[in-house]
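Participant:
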Amino acid sequence: LMTHRYLELRENLPKSKEFGLNILPGLDEERFRQFLRVSLQGFNYIISKIQDHLVFKSNRNFKQMELSFQLAVALHRFGSETSSGSICINTGQIFGIGEGTIVLYTQ
Numbered sequence: 004l005m006t007h008r009y010l011e012l013r014e015n016l017p018k019s020k021e022f023g024l025n026i027l028p029g030l031d032e033e034r035f036r037q038f039l040r041v042s043l044q045g046f047n048y049i050i051s052k053i054q055d056h057l058v059f060k061s062n063r064n065f066k067q068m069e070l071s072f073q074l075a076v077a078l079h080r081f082g083s084e085t086s087s088g089s090i091c092i093n094t095g096q097i098f099g100i101g102e103g104t105i106v107l108y109t110q
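Rendered as structure tokens:
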């Protein structure tokens with residue numbers, strides 16, 4: 004039990020960060036707001052207020068995802084209207100990351 008992280012075998016799902024890194028930034032204002040529940044201007048304002056916080060500074064051994072990607076994941080999760088378990092699954096599928104990473108980005 005102590006040598007395994009999970010009790011049951013887990014299936015690896017194919018994932019892609021393409022949407023969060025390349026598609027989302029190019030959405031028009033209305034679709035951007037529908038998806039993240041904030042305007043592009045508001046999104047950039049939040050970035051400007053949090054970008055210097057130590058939590059977003061990588062150490063030498065661990066490279067973090069871009070702040071804008073992490074914020075988009077958090078805003079999408081916070082703005083979703085489904086149950087908490089399915090929010091992580093849906094957000095993970097959209098952004099190409101695991102449920103644990105979503106929890107990490109939103110703590």
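Taking the numbering used here, I'd label the letters of the sequence shown as residues 4 to 110.
Beta carbons are placed, not taken as given, at the ideal position from N, Cα and C, and that holds for glycine.
1) Compute the beta-carbon to beta-carbon distance between E32 and L43, rounded to the nearest angstrom, for a pair I have assumed lies under 8 Å.
2) Along the chain, which unbroken stretches of the beta strand (DSSP E) at least 3 residues long are found entirely within the stretch 25–108?
3) With distances taken from CA atoms, which of F98, F72, N62, R36 is nearest G82?
4) Whose C-alpha, out of R80, L70, I97, V41, is nearest the C-alpha of V58?
5) Closest to Q116 by CA distance: which of L12, F22, R13, S61 is it?
6) DSSP on E21, reduced to helix/strand/coil?
7) For L12 and G101, I'd like the C-alpha separation in whole angstroms.
8) Measure the alpha-carbon distance for S61 versus L10 and round it to whole angstroms.
9) Go through its chain and collect everything with a Cβ distance to S19's Cβ below 7 Å, but skip five positions before and after it.
10) Are T109 and R80 touching if we call contact CB-CB under 7 Å?
Facilitator: The answer reads as follows:
1) 6 Å
2) none
3) R36
4) L70
5) Because the chain is modelled from 4 through 110, residue 116 falls outside the range shown and cannot be assessed.
6) helix
7) 16 Å
8) 32 Å
9) G99
10) yes
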